[in-house]
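A.B. asks: Letter 361 of the sequence shown, counting from 1, is numbered 361 in the UniProt record's numbering, and no numbers are missing.
The following block contains the structure, expressed as structure tokens.
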Amino acid sequence: MAKPLTFVCAECGATHPRWSGRCDACGAWNTIQEEAPLSAGPTKKSLGGGRGQTLALMDLATEEAPPPRTRAGLEELDRVLGGGLVPASALLVGGDPGIGKSTLLLQAAARFAEAGLSCIYVSGEEASAQVRMRAQRLGLGKAPVRLAAETNLRDILTTLDRERPDLAIIDSVQTMWSDNVEAAPGSVSQVRAAAHELVTFAKRRGTAVILVGHVTKEGQIAGPRVVEHMVDTVLYFEGERGHQFRILRAVKNRFGPADEIGVFEMTGEGLRQVTNPSALFLSDRETRAPGTAVFAGIEGTRPVLVEFQALVAPSPTAQARRTVVGWDSGRLAMILAVLEARCSIPFAGLDVYLNVAGGIRVSEPAADLAVAAALLSAREDVALPPDMVVFGEISLTGALRPVGQTENRLKEAQKLGFSQAALPERSKVKAPDGVSMRQVSDLTAFVGEMFGAG
Ligand code: TYD
Ligand code: MG
């Protein structure tokens with residue numbers, strides 16, 4: 001009897017018993033593909049019975065030395081990796097096409113090669129000559145990185161097996177194909193099989209393997225989420241169209257903290273690291289503009305100041321708009337509801353636009369108070385003091401909750417020349433020199449303090 005086919009979402013990898021237009025698991029449209037059944041597995045008999053090999057069991061208390069790491073010497077990259085590259089680790093670097101993944105990895109390969117690792121860069125998308133031209137443009141023409149342009153996984157693995165490099169970069173996993181799998185390159189089956197083979201190789205041979213994965217909108221090729229669970233570390237390279245800077249974000253890391261970010265700027269000579277992101281994110285700031293508030297945030301282990309911008313205008317339609325870039329729209333709805341219910345400040349009939357300047361995404365609840373400040377400032381058309389930072393979490397009762405790392409946030413504000421901070425009353429900290437703290441207990445008190453009403 002033929003084995004039943006399964007259907008797999010190219011976006012999230014969920015399996016379904018039948019085809020449908022929309023994936024129930026992730027909600028994506030037109031991403032479900034047929035997957036060939038796996039070849040017949042082991043016999044149906046029980047696997048026990050003594051024919052396998054005995055495993056060497058270890059005590060939980062066995063001392064394990066921390067993995068030796070190699071630093072690229074690019075602080076923004078090394079920090080996101082958790083302090084450098086770990087041998088035998090498997091990494092995935094995902095991102096939109098054209099965002100700069102190949103550029104980043106070529107630069108990283110050159111740095112790691114200079115740090116003494118043997119590196120092989122396999123491009124399945126560009127000819128070797130193109131990669132070399134890019135390397136020259138990046139001033140890396142002489143870096144000891146070896147190249148190959150190939151998509152046949154068997155040939156790639158044979159080569160890697162012979163060369164045993166310390167680091168292999170596969171750009172991209174979606175172009176690779178294995179002759180063991182009867183499916184088109186880029187299909188879920190192929191991408192999974194290629195990732196599986198490469199990750200297994202990394203563990204077996206001690207080579208660190210970096211897989212590049214394009215994020216797809218159309219579902220024609222499998223997205224990187226299909227392989228996220230197979231690798232040790234998942235990094236996403238993000239940026240907004242029309243902005244020069246790029247953020248490398250760790251979303252999973254078995255060898256370091258997740259949520260860490262590295263900031264880069266795309267220039268004519270490749271990516272340049274940005275070691276003081278606050279200064280960059282605030283560089284275009286117009287002080288004394290109503291509708292803006294500077295948030296003292298924490299990204300990973302590092303404080304970062306960013307500007308929230310809001311526009312509040314009478315809505316020409318019955319259904320008022322709520323448009324958000326860089327912040328959670330559900331959280332915006334909650335803050336608007338709290339302002340209405342607890343402070344009697346209505347937003348009905350008003351269009352609300354909220355934006356984080358510079359294209360960075362903020363996900364901390366600590367930004368609640370900065371969002372509220374920007375909204376109020378826009379609605380009242382009153383600018384906040386230009387030298388003030390704002391942070392604090394808002395609860396549904398309208399009370400302000402203290403947030404973590406208050407001291408680091410204040411220090412960063414001080415470093416960038418801010419002299420006031422609005423924050424929750426219950427935060428127990430000493431103000432750094434030159435920063436005066438305006439501590440408030442709840443949102444109503446904040447409105448009174450800043451806008452003389454409430
Ligand atoms: P690329 O690394 O090819 O993106 P990806 O691998 O994620 O698809 O980068 C593509 C873009 O970066 C391209 O639009 C040109 C730009 N770029 C620069 O601005 N400066 C540079 O030095 C390089 C190499 C690329
Ligand atoms: Mg590329």
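Glycine residues also receive a C-beta, built at the ideal position from the N, C-alpha and C atoms.
The structure displayed is predicted, hence computed values, not measured ones.
Are the Cβ atoms of Glu425 and Ser436 separated by less than 9 Å?
C.D. replies: Taking 9 Å as the Cβ cut-off, Glu425 and Ser436 do not qualify as a contacting pair.
A.B. asks: Ordered along the chain, which non-local residues of its own chain (more than five positions away) have a Cβ less than 7 Å from that of Pro42?
C.D. replies: Note on Pro42: pLDDT 49, under 50, position unreliable in the model; the coordinate value appears next. Answer for Pro42: no residue qualifies.
A.B. asks: From Ile99, Leu117, Ser102, Leu60, pick the residue whose C-alpha is nearest to that of Pro68; which is it?
C.D. replies: Ranking Ile99, Leu117, Ser102, Leu60 by Cα distance to Pro68 puts Leu117 first.
A.B. asks: Less than 8 Å separating the Cβ of His243 from some heavy atom of the ligand HEM?
C.D. replies: Absence of the ligand HEM is noted for the structure shown, with the ligand TYD and the ligand MG being the only ligands found.
A.B. asks: Quick check: what's the CA-CA separation for Val93 versus Asp24?
C.D. replies: Straight-line Cα distance between these residues: approximately 26 Å.
A.B. asks: Please report how far the alpha carbon of Arg18 lies from the alpha carbon of Cys9, in whole angstroms.
C.D. replies: So the two alpha carbons sit approximately 11 Å from each other.
A.B. asks: Quick check on the DSSP output: the alpha helix (DSSP H) that includes Glu63 runs from which residue to which?
C.D. replies: Per DSSP, Glu63 belongs to no alpha helix (DSSP H) and is neither H nor E.
A.B. asks: As a quick exercise: from Cys26, Gly297, Leu339, pick the residue whose alpha carbon is nearest that of Thr397.
C.D. replies: Selected option, being the one with the closest Cα: Leu339.
A.B. asks: Taking C-alpha atoms, which residue in Ala310, Glu34, Ala65, Ala72 lies nearest to Ala383?
C.D. replies: For Ala383, the nearest C-alpha among the options comes from Ala310.
A.B. asks: Mind listing which residues have their beta carbon within less than 6 Å of any non-hydrogen atom of the ligand MG? Chain order is fine.
C.D. replies: Those residues, listed in chain order, are Lys101, Ser102, Glu125, Asp171.
A.B. asks: Give me the DSSP bridge partner(s) of Ser436.
C.D. replies: Ser436 is bridged to Gln420.
A.B. asks: Within its chain, find whatever has a CB closer than 6 Å to the CB of Leu336; leave out the 5 residues flanking it on each side and keep chain order.
C.D. replies: Closer than 6 Å at Cβ, skipping near neighbours: Phe347.
A.B. asks: Who are the near neighbours of Met334 in its chain, counting only those whose CB is closer than 6 Å to its CB and skipping five residues on each side?
C.D. replies: Excluding positions up to five away in sequence, the list is empty.
A.B. asks: State the DSSP-derived secondary structure class of Ala14, mapped to helix, strand or coil.
C.D. replies: In the structure shown, Ala14 sits in coil (DSSP, three-state: anything other than H, G, I, E or B).
A.B. asks: For Thr275, name the three-state secondary structure that DSSP assigns.
C.D. replies: Of the three classes helix, strand and coil, the one that applies to Thr275 here is coil, per DSSP.
A.B. asks: By DSSP, does Lys101 sit in helix, in strand, or in coil?
C.D. replies: Helix at Lys101.
A.B. asks: Assuming contact is defined by CB atoms lying nearer than 9 Å, are Phe264 and Gly358 in contact in what I supplied?
C.D. replies: Not a contact, by the Cβ cut-off of 9 Å.
A.B. asks: Count the other C-beta atoms from every protein chain shown that fall within 10 angstroms of the C-beta of Thr31, then say buried if there are 16 or more, exposed otherwise.
C.D. replies: By the 10 Å Cβ count, Thr31 comes out buried.
A.B. asks: With respect to 8 Å, is the separation between the Cβ of Val382 and the closest non-hydrogen atom of the ligand TYD below this value?
C.D. replies: For the ligand TYD, not one heavy atom lies less than 8 Å from the Cβ of Val382.
A.B. asks: Measuring only the C-alpha atoms, how far is Thr62 from Phe255?
C.D. replies: Those two C-alpha atoms are separated by around 18 Å.
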